[in-house]
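Input: a single structure, listed below in structure tokens.
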Amino acid sequence: MSETQPISLATPTPADLESTSRLELFLHDAGSFESSDELAAREDVLRELQGVLDRWVKRLTAQRGYPDGMVEQATALLLPFGSYRLGVHGRGSDIDALVIGPSYIDRDHDFFDVLGSALAETEAVTELQAVPRAYVPVIKMKFHGVPVDLLYASVCLPVVPKDIDLRDRSVLRGMDLATVRSLNGVRVADEIMRLVPDDAAFRTTLRCVKHWAKARGVYSNVMGFVGGVGWAILVARVCQLYPNAAPSMLVPRFFKIFSQWKWPNPVLLGGIEHDDDGQLALRLPVWDPRRNPRDRTHLMPVITPAYPCMNSCYNVSHATLRIITEQLEIGRAISQEIAESGGARGWEALFQPFHFFKAYKSYLQVDVKVAGGEADLREWKGWVESRLRQLVIRVEMATAGMLLCHPNPQAYADDRQCTATFFVGLSKQQQKQLQVQFDLRATTEEFKQEVYMYEFWRPGMELEVKHARRKDLPSYVRDHILPAGHLKRKRDQDDPSPSSSASGDSESSSSSSRDVKRAATADSVT
Numbered sequence: 001m002s003e004t005q006p007i008s009l010a011t012p013t014p015a016d017l018e019s020t021s022r023l024e025l026f027l028h029d030a031g032s033f034e035s036s037d038e039l040a041a042r043e044d045v046l047r048e049l050q051g052v053l054d055r056w057v058k059r060l061t062a063q064r065g066y067p068d069g070m071v072e073q074a075t076a077l078l079l080p081f082g083s084y085r086l087g088v089h090g091r092g093s094d095i096d097a098l099v100i101g102p103s104y105i106d107r108d109h110d111f112f113d114v115l116g117s118a119l120a121e122t123e124a125v126t127e128l129q130a131v132p133r134a135y136v137p138v139i140k141m142k143f144h145g146v147p148v149d150l151l152y153a154s155v156c157l158p159v160v161p162k163d164i165d166l167r168d169r170s171v172l173r174g175m176d177l178a179t180v181r182s183l184n185g186v187r188v189a190d191e192i193m194r195l196v197p198d199d200a201a202f203r204t205t206l207r208c209v210k211h212w213a214k215a216r217g218v219y220s221n222v223m224g225f226v227g228g229v230g231w232a233i234l235v236a237r238v239c240q241l242y243p244n245a246a247p248s249m250l251v252p253r254f255f256k257i258f259s260q261w262k263w264p265n266p267v268l269l270g271g272i273e274h275d276d277d278g279q280l281a282l283r284l285p286v287w288d289p290r291r292n293p294r295d296r297t298h299l300m301p302v303i304t305p306a307y308p309c310m311n312s313c314y315n316v317s318h319a320t321l322r323i324i325t326e327q328l329e330i331g332r333a334i335s336q337e338i339a340e341s342g343g344a345r346g347w348e349a350l351f352q353p354f355h356f357f358k359a360y361k362s363y364l365q366v367d368v369k370v371a372g373g374e375a376d377l378r379e380w381k382g383w384v385e386s387r388l389r390q391l392v393i394r395v396e397m398a399t400a401g402m403l404l405c406h407p408n409p410q411a412y413a414d415d416r417q418c419t420a421t422f423f424v425g426l427s428k429q430q431q432k433q434l435q436v437q438f439d440l441r442a443t444t445e446e447f448k449q450e451v452y453m454y455e456f457w458r459p460g461m462e463l464e465v466k467h468a469r470r471k472d473l474p475s476y477v478r479d480h481i482l483p484a485g486h487l488k489r490k491r492d493q494d495d496p497s498p499s500s501s502a503s504g505d506s507e508s509s510s511s512s513s514r515d516v517k518r519a520a521t522a523d524s525v526t
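Taking the UniProt record's numbering, the leading residue of the sequence shown gets 1, the next gets one more, and so forth.
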């Protein structure tokens with residue numbers, strides 16, 4: 001679906017506008033909007049960080065012997081992107097920001113080493129972590145307690161103009177792919193806003209979808225679900241198809257369209273630009289399955305609208321696509337009930353959290369441990385998290401699809417020691433409820449060996465993968481997720497036989513009862 005005509009030009013009725021007001025009120029109460037004080041604090045962070053960057057650039061310019069006039073002009077642009085640039089940041093949101101520097105300041109040494117050292121000496125900075133080998137190289141930190149992800153792009157100019165036109169693809173000249181990906185955070189956000197017909201309707205609908213996706217556990221690019229850019233593109237596409245609709249109309253249409261979407265048909269906001277479109281030839285790889293065999297393997301193509309077009313959901317696997325589709329179908333049913341109720345059913349029904357530890361009895365428990373401090377744990381946990389989707393793929397392949405995996409994007413920390421734990425829910429495929437023993441020891445061992453290939457691994461960084469049952473969850477996990485007395489009741493109800501998965505079939509169609517129906521029958525795992 002690309003540049004097609006709108007499906008409907010219908011405008012909202014008074015009832016639609018009233019329903020939108022109720023939705024916005026719910027989102028305000030749920031923390032999807034920042035207070036004026038929080039917004040002011042965020043702007044103060046950006047202003048103070050800009051000062052650090054200006055001093056960094058001027059110092060490097062002077063050290064390299066440039067004339068005083070050029071030192072005076074030297075600056076770096078700090079451009080927020082992501083939810084902040086789209087205007088949908090909420091309470092406690094991270095700041096994603098791009099630093100644009102002149103041609104003589106590079107990423108590997110000047111950004112990561114020199115700026116990294118300056119930030120380490122800045123009193124406002126805590127939890128500093130450089131990730132130079134990431135798919136998109138990044139410096140992570142907290143600045144006055146606000147999480148910040150800082151990217152860098154050097155442009156082919158001795159002085160960076162404050163009004164630089166990032167839509168001009170010539171700005172990409174001479175950049176490597178990592179730098180292009182960094183710069184495209186801003187370019188994609190700007191292009192999305194240019195292509196949506198109604199900014200306000202888009203923003204409210206996107207806030208709604210983001211809040212839903214987080215509640216239902218399908219908001220995580222690194223874990224193989226959909227990230228912020230992917231959800232923004234999907235919402236923008238629905239806005240294009242219903243350009244005059246209010247958010248209360250767009251939300252049910254969003255769920256209807258994408259719960260029924262025939263993947264891998266791509267979602268596009270416009271045409272795909274190539275180097276042979278008569279413009280500057282940069283020879284950058286562009287997503288196009290007709291030309292690139294690897295792109296044909298993508299399961300959920302949600303294509304960024306800025307050159308070079310990329311698939312924002314390239315991490316999605318068969319397992320996570322199945323879960324995303326299931327959750328979209330639940331969202332479709334609930335949002336349709338809300339729309340048809342004429343306001344009798346509240347919007348809060350859509351945002352009921354997915355109860356991961358009610359939905360499964362059997363798990364893979366992935367314990368991430370370090371002998372060092374919190375900084376080592378953040379680094380090692382981030383690496384393991386980036387590889388977890390490979391564990392999911394390996395398990396489903398090793399069991400020929402008979403054992404289904406559901407990765408939980410949430411990590412659980414043990415405050416008593418430097419440990420973080422991830423969980424993957426396990427269930428047998430409904431059509432194959434056989435008394436089969438699954439031996440995953442070889443599969444998990446292969447995964448561990450892959451993880452231990454980490455370039456910056458150090459002694460004390462450990463990983464353990466084991467089978468766990470719900471009744472045996474660690475205390476630091478139970479304390480986070482289960483109210484007092486709940487676990488004992490669940491222990492009494494647990495039955496490792498396949499027939500136990502049928503419990504709850506007579507329950508209502510609420511999202512929580514649908515979650516319980518997923519109760520796993522995969523206790524035959526070693």
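Backbone N, C-alpha and C define an ideal beta-carbon position, used for all residues, glycine too. None of the values given here were measured: they were computed from a predicted structure.
Have a look at residue 497 and residue 393 and give me their C-alpha separation to the nearest angstrom. Along the sequence shown, one-based indexing puts residue 497 at 497. Along the sequence shown, one-based indexing puts residue 393 at 393. Note that residue 497 scores 30 on pLDDT, short of 50, meaning its location in the model is unreliable; the coordinates nonetheless yield the value given after this. Approximately 26 Å, taken between the alpha carbons.
Own chain, CB closer than 6 Å to residue 461, minus 5 neighbours either side, in chain order = Translated into the one-based positions of the sequence shown, residue 461 becomes position 461. Excluding positions up to five away in sequence, the list reads 370 and 380.
Fill in: Alpha-carbon to alpha-carbon, residue 73 and residue 317
One-based indexing of the sequence shown puts residue 317 at position 317. One-based indexing of the sequence shown puts residue 73 at position 73. Their backbone Cα atoms lie some 48 Å apart in a straight line.
Check: In terms of alpha-carbon separation, which member of 198, 5 and 249 lies closest to residue 16?
Finding: The residue you call residue 16 lines up with position 16 of the sequence shown. Among 198, 5 and 249, the Cα nearest to that of residue 16 belongs to 249.
So what's residue 309 in DSSP terms, helix, strand or just coil? The count along the sequence shown starts at 1 and reaches residue 309 at position 309. Three-state result, residue 309: coil.
Checklist entry - What is the residue span of the alpha helix (DSSP H) that residue 298 lies within? => result As a working mapping, residue 298 is identified with position 298 in the sequence shown. No alpha helix (DSSP H) contains residue 298, which DSSP labels as neither H nor E.
Local conformation of residue 11 per DSSP, three classes
As a working mapping, residue 11 is identified with position 11 in the sequence shown. If DSSP states are grouped into helix, strand and coil, residue 11 belongs with coil.
Next on the checklist: Starting from residue 239, trace the alpha helix (DSSP H) in both directions and tell me its first and last residue.
Outcome noted: Here residue 239 is taken as the residue at index 239 of the sequence shown, counted from 1. From DSSP, the alpha helix (DSSP H) with residue 239 extends over 228-241.
field: Every unbroken alpha helix (DSSP H) within the region 58-98, with a cutoff of 4 residues, ordered by chain
entry: 68-73 and 82-86
For the 8 Å Cβ check, are there 3 or more pairs between the region 237-246 and the region 131-151? no
Using three-state DSSP, classify residue 149 as helix, strand or coil. By one-based count along the sequence shown, residue 149 stands at place 149. Residue state, collapsed to three classes: strand.
Once you ignore the five residues that flank residue 53 on each side, which residues in its own chain have a CB closer than 7 Å to its CB? Residue mapping note: residue 53 aligns to position 53 of the sequence shown, counting from 1. These residues qualify, in order along the chain: 76, 78 and 99.
Please give the ranges of any beta strand (DSSP E) in the region 133-191, keeping only runs that are unbroken, at least 3 residues long and fully inside the region. 138-143 and 146-154
| task | From the DSSP output, in three-state form, read off residue 406 for me. | result | Translated into positions along the sequence shown, residue 406 becomes position 406. Correct three-state label for residue 406: strand.
Pick out whichever of 414, 218 and 24 has its Cα sitting closest to the Cα of residue 327.
If you number the sequence shown from 1, residue 327 lands on position 327. The residue with the shortest Cα to Cα distance from residue 327 is 218.
Would you call residue 19 buried or exposed, if buried means 16 or more other Cβ atoms sit within 10 Å of its Cβ?
In the sequence shown, residue 19 corresponds to position 19, counting from 1. When all chains shown are included, residue 19 counts as buried.
Nonlocal neighbours in the same chain, by C-beta distance under 7 Å from residue 174, ignoring five residues either side: As a working note, residue 174 is residue 174 in the sequence shown. Closer than 7 Å at the Cβ level, and outside the excluded window around residue 174, lie 156.
- Presumed contact (8 Å Cβ cut-off) between residue 408 and residue 356, rounded CB distance: Counting from one through the sequence shown, the residue named residue 408 turns up at place 408. Counting from one through the sequence shown, the residue named residue 356 turns up at place 356. That belief holds up - the Cβ atoms of residue 408 and residue 356 are roughly 5 Å apart, short of 8 Å.
Exercise for review: Check residue 469 in the structure and name its three-state DSSP category.
Suggested key: Locating residue 469 in the sequence shown gives position 469, where the first residue counts as 1. In the structure shown, residue 469 sits in a strand (DSSP, three-state: E or B).
Margin query: Distance check for residue 419 and residue 151, CA to CA, integer angstroms please.
Written below: Along the sequence shown, read from residue 1 onward, the residue named residue 151 stands at position 151. Along the sequence shown, read from residue 1 onward, the residue named residue 419 stands at position 419. Note on geometry: alpha-carbon atoms of residue 151 and residue 419 lie some 28 Å from one another.
Near residue 527, which residues of its chain fall below 7 Å by C-beta distance, leaving aside the five closest residues on each side in sequence?
Here the chain comprises residues numbered 1 to 526, so residue 527 is not present and cannot be evaluated.
(Q) Quick check on this structure: which residue in 315, 306 and 55 has the alpha carbon closest to the alpha carbon of residue 527? (A) No answer is possible for residue 527: it lies beyond the span of the chain, which begins at 1 and ends at 526.
Go ahead and pull the three-state DSSP assignment for residue 550.
Limits of the chain in this structure are 1 at one end and 526 at the other, which puts residue 550 out of reach.
**Study point:** Candidates 238, 270, 282 and 113: closest to residue 261 by CA position
**Key:** The residue given as residue 261 occupies position 261 in the sequence shown. Per the Cα distances, 238.
- Between residue 490 and residue 422, what straight-line distance do the alpha-carbon atoms span, to the nearest angstrom? Taking the sequence shown and counting its residues from 1, one reaches residue 490 at position 490. Taking the sequence shown and counting its residues from 1, one reaches residue 422 at position 422. Residue confidence is low: residue 490 scores 45 on pLDDT, short of 50, so the model does not pin down where it sits. Its coordinate-derived value is still stated next. Cα to Cα, the separation comes out at about 21 Å.
Determine the direct distance from the alpha carbon of residue 171 to that of residue 308, and round the result to whole angstroms. Position 308 of the sequence shown, counting from 1, holds the residue named residue 308. Position 171 of the sequence shown, counting from 1, holds the residue named residue 171. Going by the C-alpha atoms only, they are around 12 Å apart.
From residue 55 to residue 47, what does the alpha carbon distance come to, in whole angstroms? Counted from its first residue, the sequence shown places residue 55 at position 55. Counted from its first residue, the sequence shown places residue 47 at position 47. One C-alpha to the other measures close to 13 Å.
- request: Identify, in the order they occur along the chain, each residue of the same chain with its Cβ nearer than 6 Å to the Cβ of residue 499, setting aside the five sequence neighbours on each side.
  value: What you label residue 499 is simply residue 499 of the sequence shown in a count that begins at 1. Per-residue confidence for residue 499 stands at a pLDDT of 30, beneath the threshold of 50, marking its modelled position as unreliable; no derived number is given.
(message) Tell me the DSSP secondary structure of residue 21 in three-state form.
(response) Along the sequence shown, one-based indexing puts residue 21 at 21. In the structure shown, residue 21 sits in a helix (DSSP, three-state: H, G or I).
How would you label residue 108, buried or exposed, when you count the other beta carbons within 10 angstroms and need 16 or more for buried? As a position in the sequence shown, residue 108 is number 108, starting the count at 1. Exposed, because fewer than 16 other Cβ atoms sit within 10 Å of the Cβ of residue 108.
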